[in-house]
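For the sequence shown, the residue numbers in numbering that gives the first Met the number 0 are 0 to 187.
Below: the structure, in structure tokens.
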Amino acid sequence: MSLANIENILKSIKEAFQKTLDWFSKEILAFRGSRLSLDLIANISVEYYDSKLSLKEIASLAFSDSNSISIEPWDKSSIKNIEKAIFNSGLGGNIKSEEGRVLFSFPPFTQEDREKMVKLLNQKTEKARKSLRQIREKAWHNLQEMERKGEISEDEKFRGKDELQKLIDEFQIKVDELKERKIKEIIS
0 MSLANIENIL KSIKEAFQKT LDWFSKEILA FRGSRLSLDL IANISVEYYD SKLSLKEIAS
60 LAFSDSNSIS IEPWDKSSIK NIEKAIFNSG LGGNIKSEEG RVLFSFPPFT QEDREKMVKL
120 LNQKTEKARK SLRQIREKAW HNLQEMERKG EISEDEKFRG KDELQKLIDE FQIKVDELKE
180 RKIKEIIS
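So, in structure tokens, the structure goes:
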């Protein structure tokens, strides 16, 4: 019974770690190399009628040219909120509205832009790592609680802790690999 409980904890932790990894993968899609990507802005959160929705949920996104994205909101009254959300995202670039749409453009990437993008990527990486650590701490607390209640032995608790550490190491390596791949893409 006790080993089954530990296995259940480890299984749920692995699922939570995978969700964090999936979130991180989705977040870094936005980081571009030399080419502009719609993913760069698609998930920016926009204030829309007392709720927050992603940009792709309230507007049509398309390339205007190789350095510009055209954002055409379905509700034209949201243009100011879209401009504000893009500005507050920290991506830089130029934002202007015209003819019921917002144009978001980037001049060709400078070295300073690349450094800024790497800095943002490092912040997202740290957020993912922090999430992994918090999940691990919660699981460790559960193992300690199980031992305190007599559901598992001290040895089982520490075996569970070792398994937790192996899992977090595995997922931190995956986060780091994604980050390094994205840095190479940004720098090239």
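Note that CB positions come from ideal geometry on N, CA and C, so glycine has one too.
query: In angstroms, rounded to a whole number, what distance separates the CA positions of M0 and E82?; result: Note that M0 has pLDDT 44, beneath the 50 cutoff, so the model's placement of it is unreliable and no number is given.
query: Just reading off the alpha helix (DSSP H) that K95 is part of, what are its end residues?; result: Here K95 belongs to no alpha helix (DSSP H); instead the beta strand (DSSP E) covers N93 to E97.
query: Determine the burial state of Y204: buried for a count of at least 16 other Cβ atoms within 10 Å of its Cβ, exposed for fewer.; result: A question about residue 204 goes unanswered here, because the residues of the chain that appear run from 0 up to 187.
query: Beta-carbon separation of S69 and L102 under 7 Å?; result: yes
query: So which of D64, E56 and R100 has the shortest CA-CA distance to K79?; result: R100
query: Of the choices D21, A15, E150 and L39, whose alpha-carbon is the least far from that of G91?; result: L39
query: Who are the near neighbours of A61 in its chain, counting only those whose CB is closer than 6 Å to its CB and skipping five residues on each side?; result: S69
query: What distance in whole Å lies between the Cβ atoms of N66 and P106, which are believed to be in contact at a cut-off of 8 Å?; result: 7 Å
query: According to DSSP, which residues form a beta bridge with F103?; result: I68 and I94
query: Pick out whichever of E162, M145 and K165 has its Cα sitting closest to the Cα of N4.; result: M145
query: Flag this pair as yes or no: are the beta carbons of T124 and K178 separated by less than 7 Å?; result: yes
query: Is DSSP giving S77 helix, strand or coil here?; result: helix
query: When burial is assigned at 16 or more other CB atoms within 10 Å of the CB, is R135 buried or exposed?; result: buried
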